[in-house]
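J.: Sharing a structure, written as structure tokens. Questions coming.
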Amino acid sequence: MQKITREQLLAKASELLSNGTVSCVLGWGLGEFDYDVTPTIFKSVEELENGFVFNDFCGANFSKYLVNKTAKLEGKILVFLKPCDTYSFNQLLTEHRFDREKVYAVGIPCEGMADIAKVKAISGDGIAAIGSNGDKLTVTTLYDDEAIVIDTNEVLAERCINCKSKKHVAYDELMGEEGDVTQSNRFDEVARLEAMTPDERFAFWQNELSRCIRCNACRDACPACTCEKCVFDNPSSGVENKSPANSFEEKLFHIIRAYHVAGRCTDCGECSRVCPQNIPLHLLNRKFIKDMNEFYGEYQAGAEVGSRAPLVSYTTEDLEPGEVFNRGENNA
Amino acid sequence: MQRVGVFVCWCGTNIAGTVDVVAVAEALKSEPGVVFSANYQYMCSQAGQDMIKEAIKEHKLTGIVVCSCSPRMHEATFRKTAAAAGLNPYMVEIANIREQCSWVHKDMLTGTEKAIILGKAAIAKVNLNAPLTPGESPVTKRALVIGGGIAGIQTALDIADAGFPVDIVEKKPTIGGKMAQLDKTFPTLDCAACILTPKMVDVAQHDKIRIFSYSEVTEVNGFVGNFDVTIKKNARYVKEDVCTGCGACVEKCPMKRIPNEFNLGMDNRPAIYIPFAQAVPKVATIDPNACNMLKNGKCGVCSKVCAAGAIDYTQKDEYINEKYGAIVVATGFNPISMDKFDEYAYNQSKDVITSLEFERLTNAAGPSAGKLLRPSDGKHPHTIVFVQCVGSRCESCAEKGKEYCSKICCMYTAKHAMLTRDKYPDTEVYVFYIDVRTPGKNFDEFYRRAVEEYGVKYVKGMVGKVVPEGDKLKVQASDLIANKQLHIDADLVVLAAAIEPDKSARPLATMLTASMDTNDFFTEAHPKLRPVESPTAGVFLSGACQGPKDIPETVSQAGAAASKVIGLLAKDKLTGNPCVANSNELMCNGCSSCANVCPYGAITYEDKEFRMPDRTTKVRRVAVVNPAVCQGCGACTVTCPSGAMDLKGFANLQIMAEVDAICK
Numbered sequence: 021m022q023k024i025t026r027e028q029l030l031a032k033a034s035e036l037l038s039n040g041t042v043s044c045v046l047g048w049g050l051g052e053f054d055y056d057v058t059p060t061i062f063k064s065v066e067e068l069e070n071g072f073v074f075n076d077f078c079g080a081n082f083s084k085y086l087v088n089k090t091a092k093l094e095g096k097i098l099v100f101l102k103p104c105d106t107y108s109f110n111q112l113l114t115e116h117r118f119d120r121e122k123v124y125a126v127g128i129p130c131e132g133m134a135d136i137a138k139v140k141a142i143s144g145d146g147i148a149a150i151g152s153n154g155d156k157l158t159v160t161t162l163y164d165d166e167a168i169v170i171d172t173n174e175v176l177a178e179r180c181i182n183c184k185s186k187k188h189v190a191y192d193e194l195m196g197e198e199g200d201v202t203q204s205n206r207f208d209e210v211a212r213l214e215a216m217t218p219d220e221r222f223a224f225w226q227n228e229l230s231r232c233i234r235c236n237a238c239r240d241a242c243p244a245c246t247c248e249k250c251v252f253d254n255p256s257s258g259v260e261n262k263s264p265a266n267s268f269e270e271k272l273f274h275i276i277r278a279y280h281v282a283g284r285c286t287d288c289g290e291c292s293r294v295c296p297q298n299i300p301l302h303l304l305n306r307k308f309i310k311d312m313n314e315f316y317g318e319y320q321a322g323a324e325v326g327s328r329a330p331l332v333s334y335t336t337e338d339l340e341p342g343e344v345f346n347r348g349e350n351n352a
Numbered sequence: 116m117q118r119v120g121v122f123v124c125w126c127g128t129n130i131a132g133t134v135d136v137v138a139v140a141e142a143l144k145s146e147p148g149v150v151f152s153a154n155y156q157y158m159c160s161q162a163g164q165d166m167i168k169e170a171i172k173e174h175k176l177t178g179i180v181v182c183s184c185s186p187r188m189h190e191a192t193f194r195k196t197a198a199a200a201g202l203n204p205y206m207v208e209i210a211n212i213r214e215q216c217s218w219v220h221k222d223m224l225t226g227t228e229k230a231i232i233l234g235k236a237a238i239a240k241v242n243l244n245a246p247l248t249p250g251e252s253p254v255t256k257r258a259l260v261i262g263g264g265i266a267g268i269q270t271a272l273d274i275a276d277a278g279f280p281v282d283i284v285e286k287k288p289t290i291g292g293k294m295a296q297l298d299k300t301f302p303t304l305d306c307a308a309c310i311l312t313p314k315m316v317d318v319a320q321h322d323k324i325r326i327f328s329y330s331e332v333t334e335v336n337g338f339v340g341n342f343d344v345t346i347k348k349n350a351r352y353v354k355e356d357v358c359t360g361c362g363a364c365v366e367k368c369p370m371k372r373i374p375n376e377f378n379l380g381m382d383n384r385p386a387i388y389i390p391f392a393q394a395v396p397k398v399a400t401i402d403p404n405a406c407n408m409l410k411n412g413k414c415g416v417c418s419k420v421c422a423a424g425a426i427d428y429t430q431k432d433e434y435i436n437e438k439y440g441a442i443v444v445a446t447g448f449n450p451i452s453m454d455k456f457d458e459y460a461y462n463q464s465k466d467v468i469t470s471l472e473f474e475r476l477t478n479a480a481g482p483s484a485g486k487l488l489r490p491s492d493g494k495h496p497h498t499i500v501f502v503q504c505v506g507s508r509c510e511s512c513a514e515k516g517k518e519y520c521s522k523i524c525c526m527y528t529a530k531h532a533m534l535t536r537d538k539y540p541d542t543e544v545y546v547f548y549i550d551v552r553t554p555g556k557n558f559d560e561f562y563r564r565a566v567e568e569y570g571v572k573y574v575k576g577m578v579g580k581v582v583p584e585g586d587k588l589k590v591q592a593s594d595l596i597a598n599k600q601l602h603i604d605a606d607l608v609v610l611a612a613a614i615e616p617d618k619s620a621r622p623l624a625t626m627l628t629a630s631m632d633t634n635d636f637f638t639e640a641h642p643k644l645r646p647v648e649s650p651t652a653g654v655f656l657s658g659a660c661q662g663p664k665d666i667p668e669t670v671s672q673a674g675a676a677a678s679k680v681i682g683l684l685a686k687d688k689l690t691g692n693p694c695v696a697n698s699n700e701l702m703c704n705g706c707s708s709c710a711n712v713c714p715y716g717a718i719t720y721e722d723k724e725f726r727m728p729d730r731t732t733k734v735r736r737v738a739v740v741n742p743a744v745c746q747g748c749g750a751c752t753v754t755c756p757s758g759a760m761d762l763k764g765f766a767n768l769q770i771m772a773e774v775d776a777i778c779k
């Protein structure tokens with residue numbers, strides 16, 4: 021159950037639209053299903069009243085949308101940012117990906133979003149409607165006469181269970197109270213994978229990635245994947261549409277992508293959220309974050325604008341490359 | 116499609132001994148684009164080069180691959196050859212089948228197989244090469260010498276005498292270095308101060324030389340011809356240009372019990388001090404860790420007695436930015452710490468000393484005014500034991516010592532032994548050694564004189580243990596030739612401690628991107644043919660920072676480094692490297708990652724208008740590389756997240772083609 025309501029957000033958006041602070045609103049819009057909330061641009065109060073949604077499925081991180089929207093749309097855009105979204109927001113600013121002047125950022129509190137896969141695991145398929153009542157979700161399906169009541173805490177998304185921060189690191193205006201960086205156990209699962217033998221680990225990833233259908237949703241949702249021309253879409257890169265030599269080679273896409281965003285990934289978890297095959301892609305990125313923290317000291321991408329990530333800065337105290345190699349050897 | 120010629124070199128038996136060069140030439144014939152393939156005994160010889168030139172003309176070659184030694188060795192040679200035949204020099208690729216193949220393989224079959232693969236990779240790359248034209252960059256006609264010992268002094272004098280301004284940065288309050296601490300010098304036994312101090316004065320008086328003493332280099336940017344250096348002038352709390360060096364402050368300072376570094380702690384100095392009488396600059400320095408005024412704000416005696424008004428307790432560290440065309444490293448050496456050599460009781464007895472301490476003891480300006488007296492009780496020692504190779508040539512004790520030979524110890528120990536016997540004939544002198552190494556002009560004669568004329572007792576064997584007992588040092592040693600154990604009651608034990616590069620060298624190497632060996636000695640560009648140049652263009656090496664050296668060797672290397680610097684500074688323009696980065700603006704995200712990692716500041720950003728497919732115009736921020744500043748290091752290309760940044764001559768596609776050719 022969110023502390024902030026649709027009505028409060030609607031009122032704020034309407035006010036800023038009406039008084040001319042912003043010319044449009046980037047918010048969550050009605051999708052095909054109640055859990056299928058879609059990022060939408062609202063240009064009038066009327067559009068907002070008809071289509072604006074806020075519920076436990078508003079996980080989408082809007083930061084990335086600002087790259088294209090600020091370039092295309094006239095005037096300022098109002099964007100609602102949950103605490104974790106603000107890290108991506110800052111990271112994109114660090115990379116000069118959009119004009120800060122064209123954005124009015126409203127920080128909103130977040131109590132964690134629900135994972136529809138977890139809901140379906142309890143309710144089964146054929147969800148017709150999901151309502152919210154206090155800490156409970158009421159799920160109506162096509163096959164059950166009575167609504168199924170689920171505790172929201174039971175279906176929290178993994179990234180929300182291991183929420184890294186309730187603190188907004190960027191905003192023009194904050195609704196609700198200022199939160200803090202939270203103590204999370206987000207690296208536990210990575211540590212579990214590290215403890216495996218190389219063969220076990222390979223088997224784990226082969227099993228997970230074998231489900232990949234290369235829909236590119238992870239790339240398209242990732243706020244760190246904002247290249248003008250993605251290497252996988254670029255015929256002159258020499259790697260686009262390369263036919264895989266074996267069934268697993270194509271899955272290296274994910275490992276290449278993890279390298280690509282290493283040091284810039286804020287661990288927002290959008291990759292895993294949007295994956296239709298429920299592959300825990302965020303674990304690849306978290307492994308990089310964990311390694312970097314251990315090798316070069318704690319670093320959180322996007323915690324501030326303009327910070328130098330450890331992989332693109334050099335100090336004389338930096339770890340010798342041999343140390344990294346030795347650790348790999350010991351882990352093997 | 117390119118028309119590629121392949122030239123496989125035997126390098127005498129260097130390559131042909133482990134690689135079937137005929138088979139390599141034959142196998143590479145059928146690679147894509149190859150129209151000519153040959154082998155020859157020495158490709159780099161005149162005949163070999165002529166063969167390449169003729170083939171280029173006869174077969175209308177558009178690119179050539181030379182399978183030979185490392186490109187570090189002869190890439191420039193073959194580029195010139197190609198240019199002489201009318202081919203763009205950047206259409207030459209080298210397949211290194213010597214250092215990376217024949218020298219590391221023993222078996223002809225595997226060596227040949229690998230040579231073929233390396234050749235294929237080079238062919239795959241040259242097929243994607245494009246002609247490149249180098250740009251030019253100006254030269255800042257000023258040199259920086261880091262370190263003010265005899266190496267730095269000689270280099271600076273030679274460069275300045277050729278008419279170019281030189282700055283010396285010395286971290287101690289005075290220049291002079293280790294040589295200033297020595298007593299006499301082998302093999303001629305002239306006094307170190309007599310030959311060094313006039314040079315120090317020359318430096319001080321030279322109108323082309325500036326001395327930054329008590330200073331250090333904190334940042335180096337730029338590249339050959341255009342280095343941008345930040346020098347930190349540490350606060351000495353004395354106005355350098357006002358102080359006359361009269362020494363009144365030194366005399367009156369009440370804090371007199373600070374160990375004197377110049378005499379290696381064997382006597383004391385005040386908190387305000389001038390390291391030695393001939394110091395250059397002859398200016399007092401306040402030790403901030405010892406001065407009561409600086410620590411507690413109480414005292415101020417020096418300020419009261421200073422007639423010139425030079426004392427300034429509020430002085431701050433000062434940072435100076437200067438541009439240089441060339442940098443000479445002359446950071447020198449130090450004896451290693453004896454802390455880990457418990458067997459010699461260095462930390463237990465004051466009468467176990469290092470050779471450098473012995474130099475101070477026998478020096479007329481030293482703590483005992485040149486009289487050889489035991490540090491413990493000031494008595495004259497009658498039995499002295501010199502121990503050679505303490506920490507040198509120490510394969511089994513890598514944690515406390517060094518594997519290499521420190522080179523100078525045999526000679527200075529012979530000198531110490533000879534001088535002792537000369538001045539105090541009643542003294543018994545033993546020298547324990549593993550080998551006596553005295554190559555060098557008049558060196559062996561010198562050592563033989565010590566043995567034959569002066570009766571120094573040389574014993575082949577090592578000292579196992581030194582135990583202080585009463586006022587004696589019980590020395591237990593082995594005599595390998597007589598095959599017996601010796602027990603000597605010594606009054607003084609002198610340890611010839613190994614020498615190591617100064618600790619400031621490693622961080623400096625990082626700043627200069629100059630390479631070092633595992634012992635932290637700077638590596639030269641080529642051990643025989645380019646001994647005073649570092650592999651980093653514009654950085655030169657002088658003295659013991661490159662390896663153990665005595666004074667004659669140091670001075671000759673210092674002169675050699677100076678001549679290299681003069682050769683560089685005499686040029687008005689340097690031909691640049693055309694293998695520079697360039698940004699594909701259609702792919703550039705404008706994220707600034709490349710500019711952040713560029714060590715040369717070669718990348719800027721501009722807002723550019725782009726016509727979009729839907730006929731709208733979009734303004735995007737894109738990277739622009741300044742080819743005159745770019746050094747082609749490639750840091751930007753690997754950092755660029757979108758792959759927009761690429762390196763001419765080493766394009767991502769070329770590297771991938773090489774990898775593909777190897778993995779095929």
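Protein chains in written order, with our numbering: chain A, 21 to 352; chain B, 116 to 779.
By construction, the Cβ of each residue, glycine as well, lies at the ideal position given by its N, Cα and C atoms.
(1) Within 10 angstroms of its Cβ, does B:H602 collect 16 or more other Cβ (buried), or is it exposed?
(2) Within 10 Å of its beta-carbon, does B:E366 have 16 or more other beta-carbons around it, so buried, or fewer, so exposed?
(3) Along the stretch 82-112 of chain A, where does the CB come closer than 7 Å to a CB of chain B? Name the residues.
(4) If I measure Cβ to Cβ from B:P554 and keep anything under 6 Å in the same chain, skipping five residues before and after, which residues do I get?
(5) By the three-class DSSP mapping on this structure, what secondary structure does B:C660 have?
(6) Which ranges would you report for the alpha helix (DSSP H) in the stretch 353-417 of chain B if only whole runs of at least 4 residues count?
(7) Going along the chain, which residues of its own chain have a beta-carbon closer than 8 Å to the beta-carbon of B:D57, five neighbours each way excluded?
(8) Would you decide whether B:C512 is buried or exposed? Buried here means 16 or more other CB atoms lie within 10 Å of its CB.
(9) With a cut-off of 8 Å on the beta carbons, I'd call A:T286 and A:A321 a contact; round off their distance for me.
(10) Rank A:D192, A:L229, A:R26, A:D311 by C-alpha distance to the C-alpha of A:F409 and give the top, closest one.
(11) Ends of the beta strand (DSSP E) at A:N70?
(12) Mind listing which residues of the stretch 236-249 of chain A have their C-beta closer than 7 Å to chain B's C-betas, in chain order?
(13) Check whether chain B comes within 8 Å of A:E115, counting only Cβ atoms and requiring the distance to be less than that.
(14) Would you call B:G201 buried or exposed, if buried means 16 or more other Cβ atoms sit within 10 Å of its Cβ?
(15) What in chain B is Cβ-close to A:H188, meaning under 8 Å?
(16) Would you mind listing the alpha helix (DSSP H) stretches within the stretch 685-772 of chain B that are 4+ residues and don't spill past its ends, in chain order?
(17) Among the residues of its own chain, which have a CB less than 8 Å from the CB of A:D155, if the five just before and after it don't count?
(18) Taking a Cβ distance cut-off of 9 Å, strictly less, list which residues of the stretch 203-215 of chain A are near chain B, in chain order.
(19) Which residues in the same chain have their Cβ closer than 6 Å to the Cβ of B:K733, if we skip the five residues on either side of it in sequence?
(20) Quick one, which residues of the stretch 699-712 of chain B are near chain C if we go by CB-CB under 8 Å, in chain order?
(21) Which residues mark the beginning and the end of the beta strand (DSSP E) in which B:N129 is found?
(22) Measure from the C-beta of A:T161 to each C-beta in chain B and report whether the shortest distance is under 8 Å.
(23) For A:M216, which of helix, strand or coil comes out of DSSP?
(24) Pairs of beta-carbons, one from the stretch 552-571 of chain B and one from the stretch 326-339 of chain B, closer than 8 Å: are there three or more?
(25) Provide the residue span of the alpha helix (DSSP H) that contains B:Q215, from first to last.
(26) In chain B, which residues lie with their C-beta within 8 Å of the C-beta of A:T336?
(27) The alpha helix (DSSP H) spanning B:T429 covers which residue range?
(28) Considering only their Cβ atoms, is the gap separating B:V578 from B:A592 smaller than 8 Å?
(29) Out of B:R645, B:G658, B:K587, B:P714, point me to the one whose CA is closest to B:A620's CA.
(30) In chain A, which residues lie with their C-beta within 8 Å of the C-beta of B:K733?
T.: In terms of the structure at hand:
(1) Translated into the one-based positions of the second sequence, residue 602 of chain B becomes position 487. Classification for B:H602: exposed.
(2) Reading the second sequence from its first residue, position 251 is the one you call residue 366 of chain B. Exposed, because fewer than 16 other Cβ atoms sit within 10 Å of the Cβ of B:E366.
(3) A91
(4) The residue labelled residue 554 of chain B in the question sits at position 439 within the second sequence. The answer is none, since no qualifying residue turns up.
(5) Here the question's residue 660 of chain B lines up with position 545 in the second sequence. Helix at B:C660.
(6) 363-367, 407-411
(7) Here chain B covers residues 116 to 779 and nothing more, so residue 57 of chain B does not appear.
(8) Taking the first residue of the second sequence as position 1, residue 512 of chain B is located at position 397. Exposed is the call here.
(9) Taking the first sequence and counting its residues from 1, the one referred to as residue 286 of chain A is at position 266. Taking the first sequence and counting its residues from 1, the one referred to as residue 321 of chain A is at position 301. Sure, about 5 Å apart at Cβ, within 8 Å.
(10) Not covered by the structure: residue 409 of chain A. The range shown for chain A is 21 to 352.
(11) Against the first sequence, residue 70 of chain A aligns to sequence position 50. Note, A:N70: premise wrong, no beta strand (DSSP E); alpha helix (DSSP H) at 65-71.
(12) T246, C247, E248, K249
(13) One-based indexing of the first sequence puts residue 115 of chain A at position 95. For A:E115, the answer is yes, since a Cβ of chain B falls inside 8 Å of its Cβ.
(14) For the purposes of this step, residue 201 of chain B is taken as the residue at position 86 of the second sequence. When all chains shown are included, B:G201 counts as exposed.
(15) The residue given as residue 188 of chain A occupies position 168 in the first sequence. None at all; the shortest Cβ gap to chain B is about 23 Å.
(16) 708-712, 750-754
(17) The sequence position of residue 155 of chain A within the first sequence is 135, counting from 1. Here the set comprises M21, D171, T172, N173.
(18) none
(19) Indexing the second sequence from 1 puts residue 733 of chain B at position 618. Result list for B:K733: F725, M727, in chain order.
(20) In the structure shown, chain C does not exist; the protein chains are A and B.
(21) The residue you call residue 129 of chain B lines up with position 14 of the second sequence. Counting along the chain, B:N129 falls outside any beta strand (DSSP E), though it belongs to the alpha helix (DSSP H) covering 128-131.
(22) For the purposes of this step, residue 161 of chain A is taken as residue 141 along the first sequence, with counting starting at 1. So no, A:T161 is outside the interface.
(23) For the purposes of this step, residue 216 of chain A is taken as the residue at position 196 of the first sequence. A:M216 falls in the coil class under three-state DSSP.
(24) no
(25) Residue 215 of chain B sits at position 100 when you count from the first residue of the second sequence. Looking at the DSSP string, B:Q215 is not in any alpha helix (DSSP H), and its letter there is neither H nor E.
(26) Translated into positions along the first sequence, residue 336 of chain A becomes position 316. Neighbours of A:T336 on chain B, chain order: P622, T625.
(27) Translated into positions along the second sequence, residue 429 of chain B becomes position 314. That residue, B:T429, is in no alpha helix (DSSP H); it is neither H nor E in DSSP.
(28) For the purposes of this step, residue 592 of chain B is taken as the residue at position 477 of the second sequence. For the purposes of this step, residue 578 of chain B is taken as the residue at position 463 of the second sequence. Yes. Within cutoff.
(29) Against the second sequence, residue 620 of chain B aligns to sequence position 505. The residue with the shortest Cα to Cα distance from B:A620 is B:G658.
(30) To locate residue 733 of chain B, count along the second sequence from 1; it is residue 618. By Cβ distance, chain A contributes A91.
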